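Residue numbers (the UniProt record's numbering): 1 to 368.
Backbone N, C-alpha and C fix where the C-beta goes; we use that ideal spot for every residue, glycine too.
None of the values given here were measured: they were computed from a predicted structure.
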């Protein structure tokens, strides 16, 4: 009987899923990537097209696939949190119900995020929902509807029924490459900087004073991928929830200037007023299309490379947000990633892949 690990990555077209699939394949796993429109760019990823809201679609798509490890990185945004709960809880339940008869699943890893502590989109980081920071895994659930809780509960129920182990992963803002993703701060800032570069306007801080001055952290998609595999294959990490971030902290007042320097543009810091990026980019669609045509970029649609609404939520928070990683460290996960390099690596990749325009005259800043 083969002992090869077989991974099913749900949401393999997104930032988290695509980086995870790449790392699994690199480590020798047989890796399936499930999505409505599967990623076919990654060599050796076995694409699986299925609709998580359609049990029959899942049964058909998974009929010959018997995964040992399931990594659930997918979600769907809806108009209300009640609908988020219904839809996203159903997607997890449908998948695990479809796999249950196979009795092949040993571990299920679920990726959620810091909205576990900060509240859902319609109550996000508002008065009454401001947690103590640093955020720690033992913080109790908020007394409010949250689709992350519904997803967790579906995993717990299926684990009790089917006998697999589980892990919950709560990253901060994930920095990594994906096109057409709904939440992508790294690409959004790269696009904003490129637009500033092309138009000559300053790279203006869009967020709050608290975020500008306070401590923060982020999660490199490569770190998250390694964390997911570590928890899935480390007995001491089974049946636990974990925060996962790069391991350093920074202030945006420092990082904003470094990003501007990387692109060779003028940085403007907090001026007493929030300037939402969604408003800043609202009329830039034609300019981006013009840039894309001149520079032969692959994606001329601004809305597919920038998600300003999500970046505004993160950078507009009324509190500083940083995350405790000591639980993972104590159990042996020691991967560390410097955050400015997370952004610079992403920018370099986006230029190489013709997602944003390249500029050979831009000199990356020296590390200090």
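Using the Cβ count rule (16 or more neighbours within 10 Å means buried), how would you classify residue i?
{"i": "residue 66", "result": "exposed"}
{"i": "residue 296", "result": "exposed"}
{"i": "residue 26", "result": "exposed"}
{"i": "residue 299", "result": "buried"}
{"i": "residue 163", "result": "exposed"}
{"i": "residue 64", "result": "exposed"}
{"i": "residue 19", "result": "buried"}
{"i": "residue 43", "result": "exposed"}
{"i": "residue 360", "result": "Caution is warranted here: a pLDDT of 48 is assigned to residue 360, below 50, making its placement in the model unreliable, and no coordinate value can be reported."}
{"i": "residue 200", "result": "exposed"}
{"i": "residue 220", "result": "buried"}
{"i": "residue 114", "result": "buried"}
{"i": "residue 363", "result": "Here residue 363 scores only 41 on pLDDT, less than 50, and its place in the model should not be relied on; the value that follows carries that caveat. Result: exposed."}
{"i": "residue 313", "result": "buried"}
{"i": "residue 110", "result": "buried"}
{"i": "residue 226", "result": "buried"}
{"i": "residue 388", "result": "Limits of the chain in this structure are 1 at one end and 368 at the other, which puts residue 388 out of reach."}
{"i": "residue 146", "result": "buried"}
With distances taken between CB atoms, is the gap from residue i to residue j smaller than 8 Å?
{"i": "residue 188", "j": "residue 308", "result": "yes"}
{"i": "residue 172", "j": "residue 143", "result": "no"}
{"i": "residue 117", "j": "residue 134", "result": "no"}
{"i": "residue 389", "j": "residue 304", "result": "Here the chain has residues from 1 to 368 only, and residue 389 is not among them."}
{"i": "residue 192", "j": "residue 287", "result": "no"}
{"i": "residue 316", "j": "residue 211", "result": "yes"}
{"i": "residue 230", "j": "residue 236", "result": "no"}
{"i": "residue 30", "j": "residue 48", "result": "no"}
{"i": "residue 137", "j": "residue 93", "result": "no"}
{"i": "residue 166", "j": "residue 105", "result": "no"}
{"i": "residue 148", "j": "residue 112", "result": "yes"}
{"i": "residue 139", "j": "residue 242", "result": "no"}
{"i": "residue 186", "j": "residue 72", "result": "no"}
{"i": "residue 52", "j": "residue 12", "result": "no"}
At the level of alpha carbons, what is the spacing between residue i and residue j?
{"i": "residue 16", "j": "residue 176", "result": "8 Å"}
{"i": "residue 38", "j": "residue 213", "result": "40 Å"}
{"i": "residue 5", "j": "residue 24", "result": "10 Å"}
{"i": "residue 103", "j": "residue 141", "result": "31 Å"}
{"i": "residue 306", "j": "residue 55", "result": "32 Å"}
{"i": "residue 341", "j": "residue 60", "result": "42 Å"}
{"i": "residue 320", "j": "residue 261", "result": "24 Å"}
{"i": "residue 290", "j": "residue 277", "result": "20 Å"}
{"i": "residue 301", "j": "residue 41", "result": "20 Å"}
{"i": "residue 259", "j": "residue 345", "result": "12 Å"}
{"i": "residue 285", "j": "residue 195", "result": "10 Å"}
{"i": "residue 101", "j": "residue 264", "result": "56 Å"}
{"i": "residue 99", "j": "residue 68", "result": "10 Å"}
{"i": "residue 183", "j": "residue 310", "result": "6 Å"}
{"i": "residue 84", "j": "residue 75", "result": "9 Å"}
{"i": "residue 14", "j": "residue 275", "result": "28 Å"}
{"i": "residue 368", "j": "residue 156", "result": "Low confidence applies here, because residue 368 scores a pLDDT of 49, under 50, leaving its location unreliable; read the following figure in that light. Cα to Cα, residue 368 sits roughly 45 Å from residue 156."}
{"i": "residue 3", "j": "residue 70", "result": "16 Å"}
{"i": "residue 198", "j": "residue 318", "result": "31 Å"}
{"i": "residue 78", "j": "residue 86", "result": "10 Å"}
Could you tell me how far apart the beta carbons of residue i and residue j are, in whole angstroms, since I believe they sit closer than 8 Å?
{"i": "residue 88", "j": "residue 151", "result": "6 Å"}
{"i": "residue 228", "j": "residue 322", "result": "Wrong, their Cβ atoms sit about 21 Å apart, outside the cutoff."}
{"i": "residue 32", "j": "residue 8", "result": "5 Å"}
{"i": "residue 158", "j": "residue 62", "result": "About 15 Å; that fails the 8 Å criterion."}
{"i": "residue 271", "j": "residue 339", "result": "Going by Cβ atoms, the distance from residue 271 to residue 339 rounds to 24 Å, so no, they are not a contact pair."}
{"i": "residue 337", "j": "residue 223", "result": "5 Å"}
{"i": "residue 160", "j": "residue 356", "result": "The pair is not a contact, with the Cβ atoms about 46 Å apart (cut-off 8 Å)."}
Is residue i near the ligand HEM, with its Cβ less than 7 Å from a heavy atom?
{"i": "residue 36", "result": "Inclusion of the ligand HEM in the displayed structure is not the case, the ligand content being empty and no account of it being possible."}
At the 8 Å Cβ level, is residue i part of the contact set with chain B, yes or no?
{"i": "residue 136", "result": "Looking at the structure shown, chain B is missing, and only one protein chain is on hand."}
**Report entry** Validate contact between the region 322-341 and the region 199-209 using beta carbons, cut 8 Å, 3 pairs
**Finding:** no
Requested in this report: Specify whether the region 345-355 and the region 237-257 touch according to this definition: at least 3 beta carbon pairs, one from each stretch, less than 8 Å apart.
Outcome: Contact between the region 345-355 and the region 237-257 is absent, because fewer than three Cβ pairs lie under 8 Å.
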